[in-house]
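Under my numbering, think of the first position of the sequence shown as 263, with each following residue one higher. Report on the structure given below.
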Amino acid sequence: MEQLFTEVELARIESAAREVGHSSRDWVREVVLQRLRGEWRQDFEDAIWAVTVYPRPGGPLPELHHLGCWVPKGDEQTLTTAEARELFDTREVQLCEACKPGRFLSQAG
């Protein structure tokens, strides 16, 4: 995360996170990815979702990640929010344990 923001921006983020009792990473995730006032934010609907694929005996296992996840290396297939939500709803992807993208795609939220 430190690579994404300037020192001044990080200081502001850390201050805002302390005010609400969150870590700076959780604060950024909430601001960028979660729903606001029960409505999906437009920038969230335009988000990109990475899919990593792991080989396994029963066939390849696709795993879904949100853009802020550290697991993808950058050359993975990407999905729109609508495509990611459809795969999530039909359970055609495994959700990354590191970033838990399902919390952002669930309609119940």
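Every residue gets a Cβ at the ideal spot worked out from N, C-alpha and C, and that includes glycine. The structure displayed is predicted, hence computed values, not measured ones.
Nearest candidate by alpha-carbon position, reference residue i, set the options
| i | options | result |
| --- | --- | --- |
| A256 | T343, V270, A273 and E271 | Outside the shown range of the chain (263 to 371) lies residue 256, about which nothing can therefore be said. |
| E354 | E338, G321, A279 and P334 | G321 |
Rounded Cβ spacing between residue i and residue j (contact assumed at less than 8 Å)
| i | j | result |
| --- | --- | --- |
| T314 | H328 | Not quite, the Cβ-Cβ distance comes to about 12 Å (not below 8 Å), so this is no contact. |
| I310 | T340 | 5 Å |
Counted within 10 angstroms of its Cβ, other Cβ atoms place residue i as buried (16 or more) or exposed
| i | result |
| --- | --- |
| R347 | buried |
| L382 | Any question about residue 382 goes unanswered here, given that the chain covers just 263 to 371. |
| P363 | buried |
Whole-angstrom distance between residue j and residue i, CA atom to CA atom
| i | j | result |
| --- | --- | --- |
| L367 | F350 | 7 Å |
| E281 | E345 | 35 Å |
| G336 | E325 | 14 Å |
| E292 | E269 | 20 Å |
| E276 | G283 | 10 Å |
| F267 | P334 | 20 Å |
Distance cut-off 8 Å: residue i Cβ against heavy atoms of the ligand ZN
| i | result |
| --- | --- |
| A309 | Here there are no bound small molecules, and the ligand ZN is not part of this structure. |
(Q) For the pair the segment 274-290 and the segment 355-364, tell me if three or more CB-CB distances fall below 8 Å. (A) no
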